[in-house]
Ligand code: CNA
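In the numbering used here, the protein residues as written are 136 to 416.
1) Would you mind reading off the limits of the beta strand (DSSP E) that contains residue 296?
2) Would the C-beta of residue 242 count as close to the ligand CNA, meaning under 7 Å from any of its heavy atoms?
3) Going by DSSP, what residue range makes up the beta strand (DSSP E) through residue 198?
4) Look at residue 167 and residue 216 and say whether their C-beta atoms are less than 8 Å apart.
5) Return yes when the Cβ of residue 192 is within less than 8 Å of the Cβ of residue 321, no when it is not.
6) If we ignore side chains and look at the alpha-carbon of each, how far apart do residue 382 and residue 366 end up?
7) Please determine if the stretch 346-357 and the stretch 306-325 are in contact, where contact requires at least 3 C-beta pairs separated by less than 8 Å.
8) In this structure, what does DSSP give as the bridge partners for residue 273?
9) Whole angstroms is fine: what's the gap from residue 310's alpha carbon to residue 256's?
10) Taking 7 Å as the line, does the beta carbon of residue 378 fall inside it for any heavy atom of the ligand CNA?
11) Using only the alpha-carbon positions, how far apart do residue 225 and residue 351 sit?
12) I'd like to check one pair, residue 262 with residue 298: are the Cβ atoms closer than 8 Å?
13) For residue 190, count the other beta carbons within 10 Å of its own beta carbon; 16 or more makes it buried, fewer makes it exposed. Which is it?
14) Helix, strand or coil: how does DSSP classify residue 365 here?
15) Taking 7 Å as the cut-off, is the CB of residue 215 close to at least one heavy atom of the ligand CNA?
16) If residue 270 and residue 254 are in contact, beta carbons under 8 Å, what's the gap, nearest whole angstrom?
17) First and last residue of the alpha helix (DSSP H) that includes residue 139?
18) Indicate the three-state DSSP secondary structure (helix, strand or coil) for residue 237 in the structure shown.
19) Quick one: residues in its chain with C-beta nearer than 8 Å to the C-beta of residue 268, no 5 flanking neighbours on either side, listed in chain order?
20) Indicate, with yes or no, if the ligand CNA has a heavy atom lying under 7 Å from the CB of residue 333.
21) Would the beta-carbon of residue 361 be found less than 7 Å away from any heavy atom of the ligand CNA?
22) Which residues in the same chain have their Cβ closer than 6 Å to the Cβ of residue 234, if we skip the five residues on either side of it in sequence?
23) Thinking residue 339 and residue 318 are a contact (beta carbons under 8 Å), I'd like their distance in whole angstroms, please.
24) With the cut-off set at 8 Å, would you say residue 373 and residue 302 are in Cβ contact?
25) Taking residue 279 as the reference, give the member of 164, 362, 187, 201 with the closest Cα.
26) In angstroms, rounded to a whole number, what distance separates the CA positions of residue 204 and residue 284?
27) Can you tell me whether residue 144 is buried or exposed, with buried defined as 16 or more other CB within 10 angstroms of its CB?
28) For residue 255, write down the residues that DSSP places opposite it in a beta bridge.
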């Protein structure tokens, strides 16, 4: 658990950063009631398997996808942002940070919380495309059918596929490329709620420039913990609001020089015992 000391350090780190880029994953939205994939209550422990999101299987058996995912799809469309989504949006709105979010999530909750620059590297569940004629539709037009687990079809008879990236499909090139650029431009990279097991999204933080601090907040260990400057195995919706409250309280905007020095001491001072950093800085 993060201590008061940790929260102070994080507040100074956030206050001193101008361009913050975040990679978020399913753990960002569990506190909105959407299950993730791989934690103990995750989708893959309660439903069939990753094959539900396999594109070849979807083409062969769309009824499997819609019967398993339909009710969940409905709850994703109705979900509301949690305190973690709101805190991130406030980094831009209240604290003036240039915040870019690269999200693996397909739930649209960052945008619902007010974040403006969001690259959906695995697409979105909000829209559907007909596999025969290419027509697009809004998923919220099909709430009844989704609730019953029915296959969604365009009036031409073709099956609608949600505009998400299935296993075996290419990622949306523009979103991925913009995410890489944002990682390279950042002066602080946050990784929030992802086990970092799905590639190529999981390798996005590797595009950060040398010396750019990497902070991971994830309830369980991730594939990148050993590369991070700070790791907190905490809940995002609990930790981020505490950091913003501390920024409100203590880390008032000062001169650029002062911010920079707070920022660096947050990472490099000689008494970092409470920070769960993995690198020996
Ligand atoms: P994952 O592999 O399930 O990892 C999620 C991680 O989040 C786990 O390591 C958990 O320990 C951690 N976690 C769960 N809740 C919290 C919390 N409140 N605070 C901090 N950490 C938490 O999911 P990934 O995102 O790594 O996998 C990428 C997949 C998941 C992408 O293709 C997504 O499209 C897909 N997905 C998205 C959603 C969504 O849009 N909400 C839901 C389920 C899966």
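Here a beta-carbon is modelled for each residue, glycine too, at the ideal position from N, C-alpha and C. Values in this document were obtained by computation on a predicted structure and should not be read as measured data.
Checking against the coordinates, here is how it stands:
1) 295-299
2) yes
3) Taken as a continuous stretch (DSSP letters only), residue 198 belongs to no beta strand (DSSP E), being part of the alpha helix (DSSP H) at 197-213.
4) Closer than 8 Å, so yes.
5) no
6) If you take the alpha carbons of residue 382 and residue 366, they lie about 19 Å apart.
7) Flag = yes, the stretch 346-357 and the stretch 306-325 touch.
8) 262
9) 5 Å
10) Taken from the Cβ of residue 378, every heavy atom of the ligand CNA lies 7 Å or farther away.
11) 19 Å
12) yes
13) exposed
14) The DSSP-derived three-state label of residue 365 is strand.
15) Checking every heavy atom of the ligand CNA against the Cβ of residue 215, none is found closer than 7 Å.
16) Contact doesn't hold; Cβ gap of about 25 Å is too wide.
17) 139-151
18) Residue state for residue 237 is assigned as strand, using DSSP reduced to three classes.
19) When the five nearest sequence neighbours on each side are left out, the beta carbons in the same chain lying within less than 8 Å of the beta carbon of residue 268 are those of 289, 291, 293, in order along the chain.
20) yes
21) no
22) 155, 226, 227
23) 5 Å
24) no
25) 201
26) 7 Å
27) buried
28) When beta bridges are read from the DSSP output, residue 255 appears opposite 238.
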